[in-house]
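Peer 1: Just dropping this structure here.
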Amino acid sequence: MSSRAEESNTEWLMGVMCTFYALAIFSVCLRMYTRFVVVKSPGLDDYFMLAAAACATVGMATHGIQAQNGMGKHSEFITPAMRMQYGKFGFFQSIINNTGGISVLKVSIALSLLKLGGGHRAYTNTLYGFLALTAAITIYAWGTLIFYCDPVHGYWDKSVNPKCYDIKLFVMFGLIHNAVNIFTDVAFAALPIPIIWMLQMKRKTKIYLCIVLSLGLIAVVMGVLKATYQIKHGGDRDSPFMHGVQFWAFLQLNTGIIAACAPTLKPLLGRALHLGSTAKPRSYGNSSGAMYFDSKGNNRSRSKRGYINQTDNDDVDIELSRTSRQILGGGVGSFHAGAVGGAEALRQQQQQQQLQPSASKGTDSQSEEFILQGTAEGGILRTTEISIQR
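Per the working numbering, the sequence shown starts with residue 1, numbered consecutively.
Have a look at this one:
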């Protein structure tokens, strides 16, 4: 009996959860630095990710309180007062971390994936459908928790003789919520792959994005493991010892955060992973170097044999805008074409190439060539101007 009383999973449970939580917060910090500082292009999805991180922080705090009130211990050695505290903070954890955190995380992921949509109406509508499903299942899950017992605090305080509906029904509601979360995780991992494969970017970058977006499937594994503990929840009299449902739910949220942040780190890690691209401009002019002008007429001189780094500064919200001007014999013609991710990008780029005047054609199919008369010594210049818009 004494050996059983000394058995404890508390340190192991807290160690694993703290590790996953630290990795999740570190990933969020890197994401925010990338979006706010590196590319200076934060979006609504980033703010929802911050909300998910806040929920994870609340979850970590509640686990810390539960650790002082019987988490990881055998039930028979937990005092009634400790059990009440354990149950109360487990309730708040289910509301904030396991339900709210998962929901805002999925909203963040869906908003990120929407940036890949371009002109794909079916893809966009599907994601909006998942957003609606997420909202509905969140309200449903909160309802099953809040109305489980009357009064609500009867969930953890049995001394008030609460009226609670059948525990088997409660478990079934939890399994439905978990199943929907698993389904959306699989969908979010699979939906963007065909779109990414059609984007105008290097194959290595496409593979990178497909892999990191598939990291969300790890959260699916966590969800399945959570379900195994949910199934036996009603009949498990020693649930605090393994802390199964809450433990795997917390890991499910944190692995989801890590996986969702990974694609946004490409601008920060792209150079180290060689995920950028380099375009070498051609120029005609004097041997000392060529003069390049942007769309505002600003001089951008480069070495004749220099390179213009063309790096994909964002992972899933890339919008390439190519502008060219032609000045031929005093006549001015201009066009502006935006290539926005997916098949739409390919169609617009093909249309742009068809619209190019014969004077602009050259050996480089990805650029426009134009003649600037009297703009600089050396006469004929050829340039490629690529701007990244977000």
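Even glycine gets a Cβ: it sits at the ideal position worked out from N, Cα and C. Being a predicted model, the structure only gives us computed values, none of them experimental.
I need the straight-line Cα distance from D166 to F250, nearest angstrom please.
Peer 2: Here residue 166 refers to the residue found at position 166 when the sequence shown is read from its first residue. Here residue 250 refers to the residue found at position 250 when the sequence shown is read from its first residue. Roughly 25 Å separates the two Cα atoms.
Peer 1: What would DSSP say about K266, mapped onto helix, strand or coil?
Peer 2: In the sequence shown, residue 266 corresponds to position 266, counting from 1. In the structure shown, K266 sits in a helix (DSSP, three-state: H, G or I).
Peer 1: Between M17 and F247, is the Cβ-Cβ spacing less than 9 Å?
Peer 2: Numbered from its first residue, the sequence shown carries residue 17 at position 17. Numbered from its first residue, the sequence shown carries residue 247 at position 247. Yes, these two residues count as a Cβ contact at 9 Å.
Peer 1: Should D185 and H74 be called a contact, given that it needs their Cβ atoms to be closer than 9 Å?
Peer 2: Position 185 of the sequence shown holds residue 185. Position 74 of the sequence shown holds residue 74. Cβ atoms of D185 and H74: not closer than 9 Å.
Peer 1: Among the residues of its own chain, which have a CB less than 6 Å from the CB of T19, if the five just before and after it don't count?
Peer 2: Residue mapping note: residue 19 aligns to position 19 of the sequence shown, counting from 1. Contacts found: none.
Peer 1: Taking Cβ positions, are G216 and A179 nearer each other than 9 Å?
Peer 2: As a working note, residue 216 is residue 216 in the sequence shown. As a working note, residue 179 is residue 179 in the sequence shown. Not closer than 9 Å, so no.
Peer 1: How is D150 classed by DSSP in three states: helix, strand or coil?
Peer 2: Taking the first residue of the sequence shown as 1, we reach residue 150 at position 150. It is a strand residue.
Peer 1: With 16 other CB atoms within 10 Å as the buried threshold, where does T228 fall?
Peer 2: Here residue 228 corresponds to residue number 228 of the sequence shown, with the count starting at 1. Its Cβ having fewer than 16 others within 10 Å, T228 is exposed.
Peer 1: Let me know the secondary structure DSSP gives K115 once reduced to three states.
Peer 2: The residue you call residue 115 lines up with position 115 of the sequence shown. Residue state, collapsed to three classes: coil.
Peer 1: According to DSSP, is K40 helix, strand or coil?
Peer 2: In the sequence shown, the residue the question calls residue 40 occupies position 40. K40 falls in the coil class under three-state DSSP.
Peer 1: Buried or exposed for Q93, going by 16 or more other Cβ atoms inside 10 Å?
Peer 2: Walking along the sequence shown from the start, residue 93 turns up at place 93. The residue is buried, with at least 16 neighbouring Cβ atoms inside 10 Å.
Peer 1: Determine the DSSP secondary structure at K168, reduced to helix, strand or coil.
Peer 2: Translated into positions along the sequence shown, residue 168 becomes position 168. Three-state result, K168: helix.
Peer 1: Pair every Cβ in the segment 106-116 with every Cβ in the segment 48-59, then say whether three or more of these pairs are closer than 8 Å.
Peer 2: Touching, yes, given that three or more Cβ pairs across the two stretches are closer than 8 Å.
Peer 1: Apply the 10 Å Cβ neighbour rule to W12 and answer buried if 16 or more other Cβ atoms are within range, or exposed otherwise.
Peer 2: Position 12 of the sequence shown holds residue 12. Exposed, because fewer than 16 other Cβ atoms sit within 10 Å of the Cβ of W12.
Peer 1: Are there any heavy atoms of the ligand ZN lying less than 8 Å away from the beta-carbon of Q85, as far as the coordinates show?
Peer 2: This structure does not include the ligand ZN; it has no bound ligands of any sort.
Peer 1: Quick check: what's the CA-CA separation for M402 versus P263?
Peer 2: Because the chain in this structure spans residues 1 to 390, residue 402 falls outside the shown range and cannot be described.
Peer 1: Exposed or buried, F393, counting other C-beta atoms within 10 Å across all chains shown (16 or more means buried)?
Peer 2: No information on residue 393 is available, as it lies outside the stretch 1 to 390 that the chain covers here.
Peer 1: For K163, does the three-state DSSP call read helix, strand or coil?
Peer 2: In the sequence shown, the residue the question calls residue 163 occupies position 163. If DSSP states are grouped into helix, strand and coil, K163 belongs with the strands.
Peer 1: Determine the burial state of I44: buried for a count of at least 16 other Cβ atoms within 10 Å of its Cβ, exposed for fewer.
Peer 2: For the purposes of this step, residue 44 is taken as residue 44 along the sequence shown, with counting starting at 1. The question names Ile, yet the displayed sequence has Leu at residue 44. Flag for L44 reads exposed.
Peer 1: Between I258 and S27, is the Cβ-Cβ spacing less than 9 Å?
Peer 2: Counting from 1 along the sequence shown, the entry for residue 258 is found at position 258. Counting from 1 along the sequence shown, the entry for residue 27 is found at position 27. Yes, the Cβ-Cβ distance between I258 and S27 is below 9 Å.
Peer 1: Taking 6 Å as the limit between beta carbons, can you name the residues of its chain near G297, skipping five residues before and five after?
Peer 2: Sequence index remark: in the sequence shown, residue 297 carries index 297 (1-based). At G297, the pLDDT of 48 sits below 50, so the modelled position is not reliable; the number obtained from the coordinates is stated separately. Hits under 6 Å: none found.
Peer 1: Whole angstroms is fine: what's the gap from I96's alpha carbon to Q252's?
Peer 2: In the sequence shown, the residue the question calls residue 96 occupies position 96. In the sequence shown, the residue the question calls residue 252 occupies position 252. In a straight line, the C-alpha of I96 is about 14 Å away from that of Q252.
Peer 1: State the DSSP-derived secondary structure class of S71, mapped to helix, strand or coil.
Peer 2: Counted from its first residue, the sequence shown places residue 71 at position 71. It should be pointed out that residue 71 corresponds to Met in this sequence rather than to Ser. M71: coil per DSSP, three-state reduction.
Peer 1: Which of helix, strand or coil does DSSP assign to T79?
Peer 2: Your numbering for residue 79 matches position 79 in the sequence shown. DSSP places T79 in coil when its eight states are reduced to three.
Peer 1: Residues in the same chain with beta-carbon distance under 8 Å from G234, minus the five sequence neighbours each way, listed in chain order, please.
Peer 2: The sequence position of residue 234 within the sequence shown is 234, counting from 1. Only I167, K168, F170 and V171 meet the Cβ criterion.
Peer 1: Out of curiosity, what's the CA-to-CA distance linking A393 and S103?
Peer 2: Since the displayed the chain opens at 1 and closes at 390, residue 393 lies outside it and no answer follows.
Peer 1: Tell me whether K204 is buried or exposed, calling it buried when 16 or more other Cβ atoms sit within 10 Å of its Cβ.
Peer 2: As a first step, residue 204 is located in the sequence shown; it is residue number 204 there, counting from the start. By the neighbour-count rule (16 or more Cβ atoms within 10 Å), K204 is not buried but exposed.
Peer 1: For the structure I just gave you, are there three or more beta carbon pairs, one from the segment 188-198 and one from the segment 118-127, closer than 8 Å?
Peer 2: Touching, yes, given that three or more Cβ pairs across the two stretches are closer than 8 Å.
Peer 1: Report the three-state DSSP secondary structure of A237 (helix, strand or coil).
Peer 2: Mapped onto the sequence shown, residue 237 falls at position 237. Before going on, a small fix: residue 237 reads as Arg here, not Ala. Correct three-state label for R237: coil.
Peer 1: DSSP state of M201, grouped into three classes?
Peer 2: Start at 1 with the first residue of the sequence shown, and residue 201 comes out as number 201. Here M201 sits in coil by DSSP.
Peer 1: Under DSSP, the alpha helix (DSSP H) around R31 begins and ends at which residues?
Peer 2: Locating residue 31 in the sequence shown gives position 31, counting from the first residue. Its alpha helix (DSSP H) spans residues T10 to Y33.
Peer 1: Grab the span of the alpha helix (DSSP H) containing Y229 for me, first residue to last.
Peer 2: Against the sequence shown, residue 229 aligns to sequence position 229. Taken as a continuous stretch (DSSP letters only), the alpha helix (DSSP H) holding Y229 covers L217 to I231.
Peer 1: Mapping the DSSP letters down to three states, classify H177 as helix, strand or coil.
Peer 2: On the sequence shown, position 177 is the one that residue 177 refers to. Residue state, collapsed to three classes: helix.
Peer 1: Can you tell which of T34, V245, A22 and G143 has its C-alpha closest to the C-alpha of A56?
Peer 2: Your numbering for residue 56 matches position 56 in the sequence shown. Comparing Cα-Cα distances from A56 to each of T34, V245, A22 and G143, the minimum goes to A22.
Peer 1: Determine the direct distance from the alpha carbon of K40 to that of E319, and round the result to whole angstroms.
Peer 2: On the sequence shown, position 319 is the one that residue 319 refers to. On the sequence shown, position 40 is the one that residue 40 refers to. Bear in mind that a pLDDT of 32 at E319, under 50, signals an unreliable position, so the model cannot answer this.
Peer 1: Can you check whether the C-beta of N98 is within less than 9 Å of a C-beta belonging to chain B?
Peer 2: Chain labels in this structure do not include chain B; a single protein chain is all it has.
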